[in-house]
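Numbering (the numbering used here), first residue to last: 1 to 130. Heads up, the thing below is written out as structure tokens.
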């Protein structure tokens with residue numbers, strides 16, 4: 001079984017838990033391992049929260065979920081002003097912000113970030129299930 005969902009969401013804080021719940025429902029219905037599901041929920045939350053906080057110029061964003069029995073692929077796309085994924089510096093141990101992209105890289109596989117000034121950003125990540 002496979003589920004593919006494409007969501008157009010307002011760039012608002014309330015959209016983040018809504019998309020996280022949708023992912024959780026899809027993973028539960030496919031009986032995905034709890035730890036893999038938790039990792040994906042955190043990574044998705046961080047990607048969406050980054051859009052809500054940083055995608056200046058975008059009123060909405062898109063989330064594409066492709067969930068199968070053996071893997072999940074997620075794209076988070078916005079039309080904001082963009083950012084330089086290579087210029088991200090590691091947060092300090094005491095920092096309370098700036099960990100989102102590092103968490104996504106640590107929790108997911110095949111992480112890809114693309115961004116261009118004035119055309120927006122894409123964060124793509126995947127997770128394989130045992």
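Beta carbons are placed, not taken as given, at the ideal position from N, Cα and C, and that holds for glycine.
### Selected residue, minimal CA-CA separation from residue 13, among 40, 66, 53
As a first step, residue 13 is located in the chain shown; it is residue number 13 there, counting from the start. Answer by Cα proximity: 53.
### Query
Secondary structure at residue 19, three-state DSSP: helix, strand or coil?
Numbered from its first residue, the chain shown carries residue 19 at position 19. Residue 19 falls in the helix class under three-state DSSP.
### Task
Pick helix, strand or coil for residue 2, following the three-state DSSP scheme.
Taking the chain shown and counting its residues from 1, the one referred to as residue 2 is at position 2. Strand at residue 2.
### Message
I need the boundaries of the beta strand (DSSP E) containing residue 65, first residue and last residue.
### Response
Locating residue 65 in the chain shown gives position 65, counting from the first residue. Residue 65 -> beta strand (DSSP E) spans 60 to 68.
### Query
According to DSSP, what are the bridge partners of residue 54?
Start at 1 with the first residue of the chain shown, and residue 54 comes out as number 54. Its beta-bridge partners do not exist; DSSP assigns none.
### Query
With respect to the beta strand (DSSP E) encompassing residue 120, which residues constitute its N-terminal and C-terminal limits?
Working through the chain shown from its first residue, we reach residue 120 at position 120. That run of the beta strand (DSSP E) goes 120 to 128.
### Query
Candidates 44, 69, 110: which alpha carbon is nearest residue 1's?
By 1-based counting over the chain shown, the position of residue 1 is 1. Looking at the Cα atoms, 69 is the closest of the given residues.
### Query
In the structure shown, what three-state DSSP assignment does residue 30 receive?
The sequence position of residue 30 within the chain shown is 30, counting from 1. In the structure shown, residue 30 sits in coil (DSSP, three-state: anything other than H, G, I, E or B).
### Query
For residue 73, which residues from the same chain have a beta carbon less than 7 Å from its beta carbon, with the 5 sequence-adjacent residues on both sides left out?
Here residue 73 is taken as the residue at index 73 of the chain shown, counted from 1. Here the set comprises 66, 126.
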